[in-house]
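Heads up: the structure comes next, in structure tokens.
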Amino acid sequence: MESPTKSDAINSDTTVKEVKKIILQLEAIVEESHDAIIGKTLDGTIVTWNGGATKMFGYTREEMIGRSIAELFAPGNRDELPGLLERIKKGETIADYDSIWIKKDGTNAEVEFSLSPVHVKEGLVIGSSLVGRDVTEHKRVAGAIQSMANFPMENPYPVFRMSEEGKVLFANKASEIFSLSAGSIAPDFWVNLAKDVFQKKENIENVEFGVNERVFSINIVPILDKRYVNVYGEEITLRKKAEEIIKKDQKLIQGVVDNSDSLIYVVDVEGNFLLINNKMERLFGASRGQLLGKKRESILSREIAEDHHANDIKVITTKTPLIFEEESQEKDGLHHYLSVKFPIFDDGGNVYAVGGISVDITERKKAEEELTEANIKILGLQRTKNEFVSLAAHQLRSPITTILGNASILVEQIKKGEGGFTEEQRGTIEDMVKGTKDMNYLVEFLLKITRAETGKTTLTLVPVDLRDVVETEIEVLGSELDPKNQTVEIVQDPTPFPFVFLDKEMIKQVILNLLSNASRYSPNDSVIKVSMIMKDEYVEISVKDDGIGIPKEAQDKIFSRFYRADNAMAMVSGTGLGLALTKALVEVWGGKIWFESEENKGTTFYFTMPIVGKTETKKGIVL
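For the numbering used here, add 91 to where a residue sits in the sequence shown, where the first one is 1.
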């Protein structure tokens, strides 16, 4: 692949932010390094500054971010910088370069540094990472060593002297790592370096040499009149590993981003793209080089782009992650995205960019719209059904009343011994009266449910003492409880109960229905428990029995009209309307009703009611 040229460089403003983002993610790795590790843009603007740099030069991070690296070069060395920057732009790695820099206190420091280009995909160079150290003292010692007759044996790094022909004249213990000792003949690698030094008559510096997974930087100083060279080795294994970690982490981060099925991007505060992933390239048919540094208008309509940027501004203003639903016009039409956007901060705590992860929810939106349409149709059918039930019930009232009236006359005649009815005829008349009353009860029940579900129930609001209501309904139910020797136990929260302003008759109907069910489906000699507990804004009432319970497969249908579980039908007769009416009435006053049940282990029904009433319910009834 050809190296990127100067024309490939991103504009300075974009470069600052993208370099900063990449380096910030790796800063934790190098913050504690003794070496100065500095990130900068292609024009030399400093974007990161680690603790090692502060210790080395005396400047804090806040003092140096945004300034030019040229300010650190001594006046006589500043003309070196343009050439270094040009080499970086071409993708070159500059290893172990020496220069004179100025510390904050005004003193000079000899600095040895390496410059590595920072790439994005396709080899585009966007900045560089500098790893440097103050070698002032090292240079001073090196100069002194040249004039010394003996080498410091305690030096932890390899130091040896070698003749022009390759004979090792002296070697410290650390040189054993190179398999060198006094009197031995050095391998051709070292001999060739020595010849090169004598030919050029100048030092050779920062030659990297690896052995046994360790890396050394080698400096060779010729002593021309003596015809030998002094060789100084310095281990740079850790520094090289740190540089390798930085490179790997950069590739890892980009790899994760590029392999995501979501759209991942970073824009600056002006809306220019600083980072995009492969998904965005494929979706919009544009390369990373074409999009970086550009605004959203390059791929989205102006209206949609402005909506996206408005959401970015909200994130920048609040300095918190936010979730938005956004649109994007694509080749196959309008798509909907769920976007998580988050702020990216600089060292000063200021938002300099916004990151985004967007997931396509177009199919989900389509399904939601279809579900909404289906619900509208269901509601229409529900209204039609309620209207039919109401009409049918009202139409049945008249003939039922007529039949019941006439049958009642016949019953009265039977009681008086009139009419000359046979025993069979009397039985038929009594069955007719009972059947007509049952039908009338069923019609009234249907009308109550329909009125409740359609919000046509008339409420008479009075202050209600719930315990009094429960006790009254227990007395009403005595005819069912006594034959089975059943008792009802009331458990009330010790917290003083306020009056509940609701329709007393409606509450009585709900409690009576639940108590009646508990009695009918519970064994003889059982105890039914009614609990009343105060919550924050409502009262929770429960009715617990030890009866037959509700089978699991029947639990999702238990509030449906005319539905009765198989075990219930086998035990007692019923219409299957009681719980449907109970649920409808509870929802009229804005309450909730639910249950817990296990077959053969009993059932507990719960329902709630507001303490002082609600201003409005979903049925539109004001309480």
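We put the beta carbon where it would ideally sit given N, CA and C, even for glycine.
Is it true that the stretch 207 to 223 meets the stretch 246 to 263, where meeting means three or more beta-carbon pairs spaced less than 8 Å apart?
-> Touching, no.
Buried/exposed call for F307, threshold 16 Cβ in 10 Å = With 16 or more other Cβ atoms inside 10 Å of its own Cβ, F307 counts as buried.
Under three-state DSSP, which class holds S570?
-> S570 carries a helical assignment under DSSP once its states are collapsed to helix, strand and coil.
Check whether the stretch 638 to 656 touches the stretch 558 to 569, taking contact to mean three or more Cβ pairs, one atom from each stretch, closer than 8 Å.
-> With the rule of 3 Cβ pairs closer than 8 Å, the stretch 638 to 656 does not count as touching the stretch 558 to 569.
If I'm right that E296 touches N310 with Cβ under 8 Å, what's the distance once you round it to whole angstroms?
-> That belief holds up - the Cβ atoms of E296 and N310 are roughly 5 Å apart, short of 8 Å.
Could you name the residues of the same chain whose beta carbon sits closer than 8 Å to that of S272, not counting the 5 residues immediately before and after it, in chain order?
-> Only V259, A262, S266 meet the Cβ criterion.
Decide if the stretch 136 to 156 is in contact with the stretch 175 to 182; the criterion is three or more beta carbon pairs, one per stretch, under 8 Å apart.
-> Touching, no.
Within 8 Å, strictly: CB atoms of S220 and I344 = No, the Cβ-Cβ distance between S220 and I344 is not below 8 Å.
Look at the alpha carbon of I632 and the alpha carbon of L605, and state the distance between them as a whole number of angstroms.
-> Each residue's alpha carbon lies about 11 Å from the other.
Mind checking E564: buried by the 16 CB within 10 Å criterion, or exposed?
-> Label assigned to E564: buried.
Taking DSSP as the reference, what is the three-state secondary structure of E201?
-> Three-state DSSP puts E201 in a strand.
Exposure label - L462; buried when at least 16 CB within 10 Å = Burial call: exposed.
With a Cβ-Cβ cutoff of 8 Å, do D451 and K432 count as a contact?
-> No, these two residues do not count as a Cβ contact at 8 Å.
Just curious, the alpha helix (DSSP H) that D398 is in, first and last residue?
-> Counting along the chain, the alpha helix (DSSP H) containing D398 begins and ends at 393 to 409.
Distance, R158 Cα to D349 Cα | Computed Cα separation, rounded: 32 Å.
Other residues of its chain near V358: CB distance less than 7 Å, five sequence neighbours each side excluded = Taken in chain order, the residues that qualify are F364, L365, D403, A444, V445.
In its own chain, which residues sit with a C-beta less than 8 Å from the C-beta of D573, not counting the 5 before and 5 after it?
-> Same-chain partners within the cutoff: there are none.
E75 - DSSP class collapsed to helix/strand/coil = Lying before the first or after the last residue shown, residue 75 is absent from the chain, which here runs from 92 to 714.
Inter-residue CB distance, A285 and E255 (contact presumed, cutoff 8 Å) | That pair is a contact at about 6 Å.
Contact check, I520 vs L495, beta carbons under 8 Å = Taking 8 Å as the cut-off, the Cβ atoms of I520 and L495 do not count as close.
Note down, in chain order, each residue of its chain lying with its Cβ closer than 7 Å to the Cβ of K410, except the 5 sequence neighbours on either side.
-> Here the set comprises P434, V442.
With DSSP collapsed to three states, give me the class of A444.
-> Three-state result, A444: strand.
Within the same chain, show all residues whose beta-carbon is closer than 7 Å to that of Y319, passing over the 5 residues directly before and after it, in chain order.
-> R252, M253, S254, E255, L260.
Compare the C-alpha of R455 against each of R330, Y428, V591 and name the closest.
-> Checking every option, the nearest Cα to that of R455 belongs to Y428.
Could you pull the start and end residues of the alpha helix (DSSP H) that G143 belongs to?
-> Run containing G143: 142 to 148, per the alpha helix (DSSP H) assignment.
Hey, how far is the Cα of F650 from the Cα of R517?
-> Distance from the CA atom of F650 to the CA atom of R517, rounded to whole angstroms, is 39 Å.
In the DSSP assignment, what residue or residues form a beta bridge with S219?
-> Within the DSSP bridge table, the entry for S219 names K131, P208 as partners.
So which of P701, F696, T694, S688 has the shortest CA-CA distance to G681?
-> Of the listed residues, the one whose Cα sits closest to G681 is P701.
Look at I598 and V630 and say whether their C-beta atoms are less than 8 Å apart.
-> No, the Cβ-Cβ distance between I598 and V630 is not below 8 Å.
Euclidean distance between Cα positions of D594 and S392 | Straight through space, the alpha carbons of S392 and D594 are spaced by roughly 57 Å.
Using only alpha-carbon positions, find the residue among S190, T145, D352, G143 that is nearest to P166.
-> Nearest neighbour of P166 by Cα position, chosen from S190, T145, D352, G143, turns out to be S190.
How would you call G440, buried or exposed, if buried means at least 16 neighbouring beta carbons within 10 angstroms?
-> Taking every protein chain shown into account, the CB of G440 has fewer than 16 other CB atoms within 10 angstroms, so this residue is exposed.
Would you list the one or two residues that DSSP bridges to M700?
-> Bridge partners of M700 according to DSSP: V630.
First and last residue of the beta strand (DSSP E) that includes S190?
-> For S190, the uninterrupted beta strand (DSSP E) segment begins and ends at 185 to 193.
Got a sec? Which residues, its chain only, sit under 6 Å from L163 by beta carbon, not counting five neighbours each side?
-> Once the five neighbours on either side are set aside, the close Cβ partners of L163 are W192.
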